[in-house]
Amino acid sequence: MLDKKIAEPQVSETVTKADLVRAIFLKLGLSRRESADLVEMVLEEISQSLTRQENVKLSSFGTFEVRHKSQRIGRNPKTGIEVPIRPRRVMVFKPSNVLKARVNGLDHRSGGF
Amino acid sequence: MIKSELVKQICNRNPHIYQRDVEKIVNTILDEITDALARGDRVELRGFGAFSVKQRNARIGRNPKTGENVDVSKKVAPYFKTGKELRDRLNQA
Chain A
394 MLDKKIAEPQ
404 VSETVTKADL
414 VRAIFLKLGL
424 SRRESADLVE
434 MVLEEISQSL
444 TRQENVKLSS
454 FGTFEVRHKS
464 QRIGRNPKTG
474 IEVPIRPRRV
484 MVFKPSNVLK
494 ARVNGLDHRS
504 GGF
Chain B
539 MIKSELVKQI
549 CNRNPHIYQR
559 DVEKIVNTIL
569 DEITDALARG
579 DRVELRGFGA
589 FSVKQRNARI
599 GRNPKTGENV
609 DVSKKVAPYF
619 KTGKELRDRL
629 NQA
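Sequence order for the protein chains is A and B. Under the numbering used here, the first residue of the first sequence carries the number 394, and numbering increases by one thereafter. Under the numbering used here, the first residue of the second sequence carries the number 539, and numbering increases by one thereafter.
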C-alpha cells in the first residue's frame with residue numbers, strides 16, 4: 394500500500410474556507426455556523442487593518458504589508474497603445490522564516506532561511 | 539496589527555467566546571494554511587486571496603559583502619496573491 398502511494402503522481406489540492414471551518418468545528422466544538430462566521434471575521438479584521446494601511450504581523454506565519462506604487466506608463470500588449478497606470482496600493486505577503494522552513498519540509502529550528 | 543491585537547478585536551466582537559478559544563481559532567486557521575502549503579497544496583480564500591508554493595531553482599548566489607560565490611539549493615517558496623475584492627478595497631479610499 395505504501396508503494397502505491399509513492400507511485401501516484403503528486404496532485405496538488407485546493408484548501409478552501411470550508412476546510413478551515415471544519416478544522417475549527419472539530420477542534421473547538423463550536424457550531425458549524427459559528428465556526429464559519431469566525432473564519433470570515435478573522436479574514437475581515439485582517440482586511441480592515443490593511444485598508445487602514447496598517448500592516449498585519451502574524452508571528453511564525455508572516456506579514457501582510459501594504460505598498461504604494463507610483464504612476465507608470467503601461468502598454469496594452471495587444472495594441473501597443475500606451476496607457477498610464479494610476480498610482481495604487483498593493484498588498485504583499487512576506488512569509489516568516491518558520492513558514493519558509495515548513496514548506497521545505499524542515500523543522501523551524503533547523504534554520505538556514 | 540499583531541496577532542494578539544487581532545485576537546483582542548475578535549474577542550470584543552464575540553464576548554461569549556473565551557479569549558483562549560479565539561487564540562485557538564486564529565492559530566488553527568494559520569496552522570491549516572501552513573500544513574496545506576507544506577503538502578504542496580493551494581489555499582484559496584475567496585475575497586481575500588490565495589496562498590500557494592512556487593519552486594525556486596538552485597542557483598549560484600553571491601555574498602554581497604565578500605563577493606564570494608555560494609551555492610543556493612533548490613527550494614520551495616510560499617506565495618500569496620491578493621484576491622480581487624481585497625485588491626479593490628485597498629484602492630477605494
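Note that beta-carbon positions come from the ideal geometry of N, C-alpha and C, so glycine has one too. In this text the structure is predicted, and so the values were computed from the model without any measurement.
message: Measuring only the C-alpha atoms, how far is Leu583/B from Asp412/A?
response: Here residue 583/B refers to the residue found at position 45 of the second sequence. Here residue 412/A refers to the residue found at position 19 of the first sequence. Leu583/B and Asp412/A: Cα-Cα distance of roughly 10 angstroms.
query: Rounded to a whole number of angstroms, what is the C-alpha to C-alpha distance between Asn595/B and Asn497/A?
result: Here residue 595/B refers to the residue found at position 57 when the second sequence is read from its first residue. Here residue 497/A refers to the residue found at position 104 when the first sequence is read from its first residue. So the alpha carbons of these two residues sit roughly 13 angstroms apart.
message: According to DSSP, is Glu509/A part of a helix, a strand, or is it coil?
response: This structure cannot settle anything about residue 509/A, because the visible part of chain A is limited to 394 through 506.
- prompt: Who pairs with Asp430/A in a beta bridge, going by DSSP?
  reply: The residue you call residue 430/A lines up with position 37 of the first sequence. According to DSSP, Asp430/A bridges with nothing at all.
query: CA-CA distance, Thr456/A and Thr472/A?
result: Here residue 456/A refers to the residue found at position 63 when the first sequence is read from its first residue. Here residue 472/A refers to the residue found at position 79 when the first sequence is read from its first residue. If I take the Cα positions, the gap works out to 38 angstroms.
- request: For the beta strand (DSSP E) holding Gln464/A, just list the boundary residues, first then last.
  value: As a first step, residue 464/A must be located in the first sequence, where it is residue number 71. Premise fails: Gln464/A is in no beta strand (DSSP E) and is neither H nor E.
DSSP-derived helix/strand/coil call for Thr472/A: Along the first sequence, read from residue 1 onward, the residue named residue 472/A stands at position 79. Note: Thr472/A maps to coil in three-state DSSP.
message: Given a cut-off of 8 angstroms on the beta-carbon distance, is the pair Ile540/B and Leu421/A in contact?
response: Taking the second sequence and counting its residues from 1, one reaches residue 540/B at position 2. Taking the first sequence and counting its residues from 1, one reaches residue 421/A at position 28. It is not a contact, given that the beta carbons lie outside the stated cut-off.
- request: Verify whether the separation of the beta carbon atoms of Pro616/B and Pro488/A is less than 8 angstroms.
  value: Locating residue 616/B in the second sequence gives position 78, counting from the first residue. Locating residue 488/A in the first sequence gives position 95, counting from the first residue. Yes. Within cutoff.
- prompt: What is the rounded straight-line gap between the Cα of Gln557/B and the Cα of Ser452/A?
  reply: Your numbering for residue 557/B matches position 19 in the second sequence. Your numbering for residue 452/A matches position 59 in the first sequence. Taking the straight line from one Cα to the other gives about 18 angstroms.
field: Under 8 angstroms between C-beta atoms of Val432/A and Lys450/A
entry: Along the first sequence, read from residue 1 onward, the residue named residue 432/A stands at position 39. Along the first sequence, read from residue 1 onward, the residue named residue 450/A stands at position 57. Not a contact, by the Cβ cut-off of 8 angstroms.
message: DSSP has Gly605/B in a bridge; who is on the other side?
response: Within the second sequence, residue 605/B is the residue found at index 67, counting from 1. Beta-bridge pairing links Gly605/B to no other residue.
message: For Gly578/B, would you say it is in contact with chain A, using Cβ-to-Cβ distances shorter than 8 angstroms as the test?
response: As a first step, residue 578/B must be located in the second sequence, where it is residue number 40. With 8 angstroms as the cut-off, Gly578/B counts as an interface residue toward chain A.
query: Relative to chain B, which residues along the region 466-481 of chain A have a C-beta separation below 9 angstroms, given in chain order?
result: Arg479, Arg481
query: Name the chain B residues whose beta carbon is nearer than 9 angstroms to that of Arg495/A?
result: Within the first sequence, the letter at position 102 stands for residue 495/A. Near Arg495/A (Cβ distances below 9 angstroms), the residues of chain B are Thr572, Asp573, Leu575, Ala576, Pro616.
- prompt: Taking Cβ positions, are Met484/A and Leu624/B nearer each other than 8 angstroms?
  reply: As a first step, residue 484/A must be located in the first sequence, where it is residue number 91. As a first step, residue 624/B must be located in the second sequence, where it is residue number 86. The answer is yes: Cβ separation under 8 angstroms.
- prompt: Are Ile548/B and Val435/A closer than 8 angstroms when you measure CB to CB?
  reply: Working through the second sequence from its first residue, we reach residue 548/B at position 10. Working through the first sequence from its first residue, we reach residue 435/A at position 42. Yes, Cβ-Cβ distance for Ile548/B and Val435/A is below 8 angstroms.
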